[in-house]
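Have a look at the structure below before the remarks.
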Amino acid sequence: DVKVTQSSRYLVKRTGEKVFLECVQDMDHENMFWYRQDPGLGLRLIYFSYDVKMKEKGDIPEGYSVSREKKERFSLILESASTNQTSMYLCASSAGTSRGELFFGEGSRLTVL
Amino acid sequence: AQKVTQAQTEISVVEKEDVTLDCVYETRDTTYYLFWYKQPPSGELVFLIRRNSFDEQNEISGRYSWNFQKSTSSFNFTITASQVVDSAVYFCALSTLSGGATNKLIFGTGTLLAVQP
Numbered sequence: 014d015v016k017v018t019q020s021s022r023y024l025v026k027r028t029g030e031k032v033f034l035e036c037v038q039d040m041d042h043e044n045m046f047w048y049r050q051d052p053g054l055g056l057r058l059i060y061f062s063y064d065v066k067m068k069e070k071g072d073i074p075e076g077y078s079v080s081r082e083k084k085e086r087f088s089l090i091l092e093s094a095s096t097n098q099t100s101m102y103l104c105a106s107s108a109g110t111s112r113g114e115l116f117f118g119e120g121s122r123l124t125v126l
Numbered sequence: 019a020q021k022v023t024q025a026q027t028e029i030s031v032v033e034k035e036d037v038t039l040d041c042v043y044e045t046r047d048t049t050y051y052l053f054w055y056k057q058p059p060s061g062e063l064v065f066l067i068r069r070n071s072f073d074e075q076n077e078i079s080g081r082y083s084w085n086f087q088k089s090t091s092s093f094n095f096t097i098t099a100s101q102v103v104d105s106a107v108y109f110c111a112l113s114t115l116s117g118g119a120t121n122k123l124i125f126g127t128g129t130l131l132a133v134q135p
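Chain order of the listed sequences is Z and A. The numbering of the first sequence is my numbering, which starts it at 14 and goes up by one. The numbering of the second sequence is my numbering, which starts it at 19 and goes up by one.
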């Protein structure tokens with residue numbers, strides 16, 4: 014059974030803290046993605062990666078960075094969390110030839126106080 | 019520019035009613051893919067269907083059906099005889115080759131479907 018696992022379902026952090034959101038997939042997928050989901054805005058792509066150590070900016074990369082040291086793991090980093098980064102963060106993965114069939118994790122709800 | 023519009027923010031129906039979720043897309047590409055994803059209360063989006071721009075055949079899968087019309091740039095999703103388990107947020111999405119890759123999806127804002135018993 015395919016699986017994308019996000020390390021934390023709920024996090025509460027303070028403004029200025031460094032935040033790590035971890036995502037692991039067990040399907041040997043080449044592609045991994047971080048989306049942010051906000052009411053009325055749908056899902057917006059933050060960063061994605063097509064290979065180990067490779068990353069590309071999505072539509073809203075400001076304030077975020079990512080790391081992909083191993084194929085199965087894709088981390089989202091908030092260097093200095095701000096209140097406007099309070100959101101639901103969704104990780105997804107896909108095979109290189111999947112033509113858009115993404116597998117999602119359950120999401121990490123981050124609150125920045 | 020690529021864009022997906024889901025004008026219906028919330029829909030509420032009673033069990034066994036049919037319901038159609040609307041999706042309108044914008045792209046100048048001639049090659050593109052359209053998708054529907056379901057997000058149940060657990061939060062994990064689940065892939066439902068993919069159509070490519072060269073295949074306008076409608077598709078039926080059990081109680082689900084999809085109507086793809088290039089003339090109106092629409093890709094609507096109908097649930098027949100809705101059930102409480104259909105309650106979820108449904109997202110329509112688009113990917114294009116000029117958008118970077120066929121795996122880079124642009125999502126609509128989603129439609130919350132509530133099916134009342």
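C-beta: ideal position from N, C-alpha, C; glycine also.
{"query": "Could you tell me the alpha carbon to alpha carbon distance between residue 36/A and residue 135/A, rounded to whole angstroms?", "result": "14 angstroms"}
{"query": "Excluding the 5 residues flanking residue 22/A on each side, which residues of the same chain have their C-beta closer than 7 angstroms to its C-beta?", "result": "41, 43, 110, 111, 112, 124, 125 and 126"}
{"query": "Tell me which same chain residues have a C-beta within less than 6 angstroms of the C-beta of residue 57/A, skipping the five on either side of it?", "result": "63, 106 and 107"}
{"query": "So residue 81/Z contacts chain A; which residues on that side make the cut at Cβ distance below 8 angstroms?", "result": "By Cβ distance, chain A contributes nothing, its closest Cβ being about 15 angstroms from residue 81/Z, past 8 angstroms."}
{"query": "State yes or no: is the C-beta of residue 107/Z within less than 8 angstroms of the C-beta of residue 85/A?", "result": "no"}
{"query": "Would you mind telling me which residues of chain Z sit closer than 9 angstroms to residue 109/A, beta carbon to beta carbon, in chain order?", "result": "55 and 56"}
{"query": "Whose CA, out of 67/A, 81/A, 39/A and 60/A, lies closest to the CA of residue 52/A?", "result": "67/A"}
{"query": "Under 7 angstroms Cβ-Cβ, which residues of chain Z neighbour residue 126/A?", "result": "55"}
{"query": "How would you label residue 87/A, buried or exposed, when you count the other beta carbons within 10 angstroms and need 16 or more for buried?", "result": "exposed"}
{"query": "Please report the distance separating the alpha-carbon of residue 62/Z from that of residue 34/A.", "result": "42 angstroms"}
{"query": "Shorter than 8 angstroms from the beta carbon of residue 62/A to some beta carbon of chain Z?", "result": "yes"}
{"query": "Three Cβ pairs or more, each shorter than 8 angstroms: is that satisfied between the stretch 51 to 71 of chain Z and the stretch 90 to 105 of chain A?", "result": "no"}
{"query": "Could you tell me the alpha carbon to alpha carbon distance between residue 66/Z and residue 82/Z, rounded to whole angstroms?", "result": "6 angstroms"}
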